[in-house]
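Undergrad: Numbering (the UniProt record's numbering), first residue to last: 1 to 377.
Yeah, the Cβ is synthetic: ideal placement off N, Cα and C, and Gly gets one too.
1. Taking Cβ to Cβ, would you say residue 130 is nearer than 8 Å to residue 94?
2. Using the Cα positions of residue 111 and residue 236, report the straight-line distance between them to the nearest angstrom.
3. Would you say the region 228-235 touches the region 248-266, given that touching needs at least three Cβ pairs under 8 Å?
4. Can you find the residues in the same chain that come closer than 7 Å, C-beta to C-beta, to residue 331, ignoring five residues on each side of it along the sequence?
5. On the three-state DSSP scale, how would you describe residue 150?
6. Are the region 117-129 and the region 276-291 touching by the rule of at least three beta carbon pairs closer than 8 Å?
7. Quick one, which of 140, 183, 47 has its alpha-carbon nearest residue 87's?
8. Using DSSP with H/G/I as helix, E/B as strand and the rest coil, what is residue 249?
9. With distances taken Cα to Cα, identify the nearest neighbour of residue 220 among 25, 252, 209, 186.
10. Can you tell which of 132, 23, 100, 104 has the C-alpha that lies nearest to the C-alpha of residue 50?
11. Going by the CB atoms, is the gap between residue 226 and residue 42 shorter than 8 Å?
12. What would DSSP say about residue 352, mapped onto helix, strand or coil?
13. Distance check for residue 242 and residue 44, CA to CA, integer angstroms please.
14. According to the neighbour-count rule (16 or more other Cβ atoms, all chains shown, within 10 Å of its Cβ), is residue 32 buried or exposed?
15. Can you list the alpha helix (DSSP H) stretches of 4 or more residues lying completely in the region 204-240, in chain order?
16. Which residue or residues does DSSP assign as beta-bridge partners of residue 265?
17. Return the first residue and the last residue of the alpha helix (DSSP H) that residue 179 is part of.
18. Report the option in 204, 21, 117 whose CA atom is closest to the CA atom of residue 40.
19. Going along the chain, which residues of its own chain have a beta-carbon closer than 6 Å to the beta-carbon of residue 167, five neighbours each way excluded?
20. I'd like the list of long-range same chain contacts for residue 27, defined as Cβ closer than 6 Å, with 5 residues on each side in sequence excluded.
21. Give the list of continuous alpha helix (DSSP H) stretches no shorter than 4 residues that lie fully inside the region 71-149.
22. Just how far apart, CA to CA, sit residue 173 and residue 144?
23. Would you mind sorting residue 248 into buried or exposed? The rule is 16 or more other CB atoms within 10 Å of its CB.
24. Rounding to the nearest angstrom, what Cα-Cα distance links residue 150 and residue 171 in this structure?
25. According to the Cβ coordinates, are residue 215 and residue 239 closer than 8 Å?
26. Quick one: using the 10 Å Cβ neighbour count with 16 as the cut-off for buried, is residue 389 buried or exposed?
27. From residue 286 to residue 99, what distance separates their C-alpha atoms?
28. Roughly how many angstroms lie between the CA atoms of residue 211 and residue 203, to the nearest whole one?
29. Could you check if residue 196 is buried or exposed, using at least 16 other CB atoms within 10 Å of its CB as the buried criterion?
30. For residue 222 versus residue 183, is the C-beta spacing smaller than 8 Å?
31. Check whether the Cβ atoms of residue 164 and residue 252 sit closer than 8 Å, and answer yes or no.
32. Within this structure, are the beta carbons of residue 288 and residue 115 separated by less than 8 Å?
33. Between which two residues does the alpha helix (DSSP H) carrying residue 243 extend?
34. Leaving out five residues before and five after residue 290 in sequence, what residues of the same chain have Cβ atoms less than 6 Å from its Cβ?
35. According to the neighbour-count rule (16 or more other Cβ atoms, all chains shown, within 10 Å of its Cβ), is residue 201 buried or exposed?
See the structure below:
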């Protein structure tokens, strides 16, 4: 892990286009493998929800009964079934692969390619393995998703490396706050509808109950998009940590890690509720559409705003203790500076406090040893 993170840090920090291209291909290989593992795990979990028996006569899987049709006291909680746990292990391996891929390739590329190949793998596993019916609509939807993946792969741009302060700023942008508010309202509406439907007798409201798997899948996709966003932030912080800048001394780092885990748990639970109530061929593409669609905005987290880029060109501002000031224009003035014993100097070098490009203030540092920005000194 340390070696991988150092390679990522060097690749992202460098200006060589070859490093970005190499990172993309490595990320693509990881995310495609993760997509297959993840979808295989989901279909194994689906297999645990429906008891099946192989028939040599018809050479197909026959669904005997669903767990939900058994009496309540005889039902087995899905997360205690050995077969479901095997599927969970595969899903976790896929999630770990996605997390690693985020260090090599842009977030939008990981989300689109991973989502596209997951849908493609789902057609194979659900139709050829579980025997679910593949309709023309399923084929058309899969083709459209693949076309979108290809376009996203061609048009994507490399992510920019950001500090923890810059990541925090991204969460307070007006656009993200609006996006978060809209998603919160949508999730609230979905959960409200689910609760209202579950209160109705199923025998008289079968049409409404058929909407439940799609509602669960939509909510799961939204939480999934949040999980990848937080995973991208966590990946950036891990890269900075392995490159020598420990980020685990900040509380925000633990918020990112904890939020990523919580959204992953919610995504997994809601997706399992969806595949328990519906077929994976119909439900899983709905999940992927919202999972990928959530990145249409969240991908902006990987690119700095215009204000942040302007700050990168802001010259260093130095204010020594004796009143010597070097301003944004690069001009400076002194007052009473004659030798190295004067206040504000150490061993003949000016000392005091200075401001970096993100506005951070540093005290008692040797100015000549600090990194200079834009040649202002």
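TA: Quick look at the numbers:
1. no
2. 16 Å
3. yes
4. With a pLDDT of only 41 at residue 331, under 50, the local geometry of the prediction cannot be trusted, and the value read off the model is given with reservation. Within the same chain, residue 331 has no close Cβ partners at all.
5. helix
6. yes
7. 47
8. coil
9. 186
10. 132
11. no
12. Reliability fails at residue 352, whose pLDDT of 48 lies under 50, so the model's placement of it is uncertain and the value that follows must be treated cautiously. Looking at residue 352 - three-state DSSP - the assignment turns out to be strand.
13. 36 Å
14. buried
15. 206-209
16. The partner list for residue 265 (beta bridge, DSSP) is empty, contrary to what the question assumes.
17. 174-198
18. 117
19. 233
20. 101, 104, 105
21. 82-104, 107-124
22. 32 Å
23. exposed
24. 29 Å
25. no
26. The shown model of the chain, from 1 to 377, leaves out residue 389, and the question about it has no answer.
27. 22 Å
28. 15 Å
29. exposed
30. yes
31. yes
32. yes
33. No alpha helix (DSSP H) holds residue 243; DSSP gives it neither H nor E.
34. 218, 221, 222
35. exposed
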